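What follows is a set of notes on a single structure, which appears directly below.
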Amino acid sequence: MDQLIESAARRGVSEITVGMAHRGRLNVIANVIGKFCERIFTSFEGSIHPKYPHDQGDVKYHQGASGPRDTASGNQVQLAVASNPSHLEFIDPVVEGLVRARQDEPGEPESKLAVLIHGDAAFAGEGVVAETLNLSKLPGYSTRGTIHIIANNQLGFTTPPEEGRSSHYSTDIAKMIQAPIFHVNSDDVEAAWNVLQIALDYRQYFKKDVVIDVIGFRRLGHNEGDEPTYTQPVMYQRIKSHPGVRELYARKLVGEGVMTAEEVASLMDERMRRYENAQLGAKAIVEKLNKVVELAAPAPEPDVEVIETGVDQAMLRSLAHAITAVPRGFNLNPKIVGLLGRRAKMVEGESSVDWGMAEALAFGSLLIEGTPIRLTGQDTVRGTFSHRHAAFTDTQTGEEWTPLTQLAPDKARFQIYDSPLSEAGALGFEYGYSVASPATLVLWEAQFGDFVNAAQVIIDQFIAAGEVKWNQTSRIVLLLPHGYEGQGPEHSSARIERFLQLCAEGNMQVANCSTAAQYFHLLRRQARQKPGKPLVVITPKSLLRFPDAASSIEEFTSGGFLPVIPDREAANAAEVTRVLLTCGKVFYDLVAERKKRSDARAAILRVEQLYPFPKTLIAGELKRFPDATDICWVQEEPRNMGAWFFMESRLSEMLGSNQRLRYAGRAASASPATGSHTIHQMEQRRLVKEAFSSD
Ligand SMILES: Cc1ncc(C[n+]2csc(CCOP(=O)(O)OP(=O)(O)O)c2C)c(N)n1
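First residue of the sequence shown? That's 616 in this note's numbering, and the numbers climb one at a time after it.
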């Protein structure tokens, strides 16, 4: 590691971001990044170093660290070890995203380097490794070559290679990208140094990944409590009699007359003194603090307010012109000509603005205001539901025209990429990007929201908990198509319940917009928010083209995202005896049913922001209907899914003694949705009917 930094600096590298798991991590933080011994020892003593209060958020060997290092060649290198969870290898795509964000800033991209240190078992076994390798040469994801180092101790906890992988080498997975792989004996320090020089030359010249497999052993057990001779008695007999690499190399240097035995001993003494001093420093800190740690009171839930995010109509007009005026000589697909014509008319008020145009206007206005945007996902450029068309392909030349890239090229960059078919790797990358580039609005879109659970580790370990664990903020946006439309168990649900269960301490936001204007304002609000918090947007499928979900242009020129949409149609508040609270597309079914029944007694409130829970706004709306005794949460998801469990306790707390809270929705179910379109329709009719009857 030491020589990696020195050698990389000599080749013009000025920034290195390291991703690594547990093994050797404290060593790297203490000895490579430097100056962190005292912090680590304080943590071993059971206290938190006053300079690093956030260390209490995670165990010491998961915390990140960063700092500058002056190299022997007189250069300074900025070093960082990324904070990571216990989940092996999931830091890989995150580090790639962190580094790509830095490379997208002005300066020489190759001067910023990603280094990933892997365990041999994890490199062969964890699928996210393959996902990350697959990103390495893609235009939207490449970091111009990563140095991979396998700290290969020939064991995965107690599991030997014969049981841990079907390939000969743990590194064989890297053959998928034809990366050069060097296997080197960890006892041979100078061979490792030589290999490192070749690897760095390769990376700087070819801008591709390279792998160094350092084959050695683990002197002790997997961790403090492990007894390796239970499972590897023969191997550990041999390890016991092995002098270790430091001793071997010292002997070699002494033998060659490079150093004397006294010099070796004095180097050791000096190093031990450093540790002892750090330990004394840590003890002094612990004694000084010497107070009983008190449990902090839980943070109150943040309040929700409406933030003005409207855009002047003249600006919307000029934006619409820029994104609908086809460049001279460009051969547009005739099927798309109509779409552009319709989009142009929307801004003139001749028709309502639909979802796709609302998004384009949000992006366009943000770019002009100076917010860079990066949007990725599977088939995202066109849009899975053919509603986006962020780029157009010339029918004769195959060239692409991406209107939003031309809006403010000097001020704010618009990046949009179709992602590879990956969720964990692709979302991990975007999370990393959003952390390193807080000014950029980074959005990741799932093909259908259902597939987001293939990236669950990134959500649980990074997006939901990253700020509390590591003081690491992100304003990443997840766009998750969701809606019960009879498409079966795997094209219906973005698993709203899972996100809501993770919500606490204001860690993130979950919203489900029912109109195009709401989506526009939500995206704009997200770009303005300080500090950034992740945003999960439950996005529609059929509503993309549903006329009632489109919005008039006036709704874009003033106002902001409404966490709760009041019922403007409930004619006479005094007549209302029933309040239906809901979110998402089922709102439109409820409105249609109320109309069919000519029911003036039911009001329908849309809770568009589920978390942070808009308590004051909902309470204010409920107050408008003093005679409403039947309060019903309506959802199209099964009872054990959707927002019901989240809403039940929160709404119950707010009700008066004369009010009763009910549920109307699908029955609890093991699978998110039925596979039969007919049964889907029957269920949908039933839940809507139930909403209007409290018997
Ligand atoms: C995703 C995940 N699964 C399981 C574990 C539990 N675990 C921690 S270390 C380890 C063995 C890792 O072996 P290897 O990758 O060779 O690294 P080593 O510990 O030998 O350095 C396992 C299974 C984990 N941390 N993360």
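Each residue gets a CB set at the ideal place from its N, CA and C atoms; glycine is no exception.
If you're wondering where the values come from, they're calculated on a predicted model, not measured in any experiment.
Tell whether a beta-carbon distance below 9 Å holds between residue i and residue j.
{"i": "E711", "j": "T657", "result": "no"}
{"i": "G979", "j": "L1019", "result": "yes"}
{"i": "K1026", "j": "T1088", "result": "no"}
{"i": "R654", "j": "D816", "result": "no"}
{"i": "V1206", "j": "Q1141", "result": "no"}
{"i": "L990", "j": "I1031", "result": "yes"}
{"i": "L748", "j": "A789", "result": "yes"}
{"i": "I827", "j": "H783", "result": "no"}
{"i": "D1242", "j": "V1191", "result": "yes"}
{"i": "F1077", "j": "G1040", "result": "no"}
{"i": "L1115", "j": "F1261", "result": "yes"}
{"i": "H1097", "j": "A977", "result": "no"}
{"i": "S1166", "j": "V968", "result": "yes"}
{"i": "P917", "j": "G1121", "result": "yes"}
{"i": "T774", "j": "F1176", "result": "no"}
{"i": "S1264", "j": "D719", "result": "no"}
{"i": "R1254", "j": "A1282", "result": "yes"}
{"i": "D1182", "j": "E1236", "result": "yes"}
{"i": "V730", "j": "G634", "result": "yes"}
{"i": "A745", "j": "G779", "result": "no"}
{"i": "Y1226", "j": "C1247", "result": "no"}
{"i": "A1218", "j": "L1195", "result": "yes"}
Which first and last residues belong to the alpha helix (DSSP H) in which residue i is found?
{"i": "S681", "result": "Per DSSP, S681 belongs to no alpha helix (DSSP H); it is in the beta strand (DSSP E), 680–685."}
{"i": "G979", "result": "970–984"}
{"i": "A695", "result": "Premise fails: A695 lies in the beta strand (DSSP E), 691–696, not in any alpha helix (DSSP H)."}
{"i": "M1262", "result": "1259–1269"}
{"i": "H1136", "result": "1131–1143"}
{"i": "K1026", "result": "K1026 -> no alpha helix (DSSP H), and no H or E assigned at all."}
{"i": "P949", "result": "949–962"}
{"i": "R861", "result": "860–870"}
{"i": "G1047", "result": "1039–1051"}
{"i": "V674", "result": "It is not in any alpha helix (DSSP H) - V674 carries neither H nor E in the DSSP assignment."}
{"i": "S933", "result": "928–939"}
{"i": "N892", "result": "876–904"}
{"i": "V873", "result": "From DSSP, V873 is part of no alpha helix (DSSP H); its letter is neither H nor E."}
{"i": "M850", "result": "848–855"}
Could you give the residue range of the beta strand (DSSP E) that holds residue i?
{"i": "Q1224", "result": "1224–1226"}
{"i": "Q1030", "result": "1029–1033"}
{"i": "T1154", "result": "1150–1154"}
{"i": "D828", "result": "825–830"}
{"i": "L728", "result": "727–734"}
{"i": "R1313", "result": "The question about residue 1313 has no answer here: the residues shown for the chain are numbered 616 through 1310."}
{"i": "P1096", "result": "1092–1096"}
{"i": "A766", "result": "761–767"}
{"i": "T657", "result": "Unbroken run through T657 is the alpha helix (DSSP H), 652–659; no beta strand (DSSP E)."}
{"i": "F1202", "result": "Here F1202 belongs to no beta strand (DSSP E); instead the alpha helix (DSSP H) covers 1201–1212."}
{"i": "L1056", "result": "1056–1060"}
From the DSSP output, which residues share a beta bridge with residue i?
{"i": "L1196", "result": "L1220, W1248"}
{"i": "R1275", "result": "D1245"}
{"i": "K1238", "result": "In the DSSP output, where bridge partners are listed per residue, K1238 has none listed."}
{"i": "W1016", "result": "F1007"}
{"i": "Q1124", "result": "L1150"}
{"i": "M635", "result": "I732"}
{"i": "E630", "result": "Q693, K727"}
{"i": "H798", "result": "D828"}
{"i": "G771", "result": "T774"}
{"i": "V1179", "result": "V1222"}
{"i": "R1281", "result": "P1253"}
{"i": "S1166", "result": "V968"}
Am I right that residue i and residue j are in contact with their C-beta atoms under 8 Å? What's the rounded C-beta distance?
{"i": "Q1124", "j": "V1151", "result": "7 Å"}
{"i": "P604", "j": "H677", "result": "As displayed, the chain neither begins before 616 nor continues past 1310, which places residue 604 out of reach and without an answer."}
{"i": "R638", "j": "A766", "result": "6 Å"}
{"i": "E630", "j": "S726", "result": "6 Å"}
{"i": "S1309", "j": "D1245", "result": "5 Å"}
{"i": "A1109", "j": "D1065", "result": "7 Å"}
{"i": "E1060", "j": "G992", "result": "3 Å"}
{"i": "H1055", "j": "I951", "result": "According to the sequence as given, residue 1055 is Thr; it is not His. 28 Å between Cβ atoms; not a contact."}
Using 9 Å as the limit for Cβ to Cβ distance, is residue i near chain E?
{"i": "P754", "result": "Among the chains of the structure shown, chain E does not appear; only one protein chain is present."}
Within the structure, which residues are defined as neighbours of ligand 1 by a Cβ-heavy atom distance below 5 Å, reported in chain order?
R638, S701, H702, L703, G734, D735, A736, A737, N768, G771, F772
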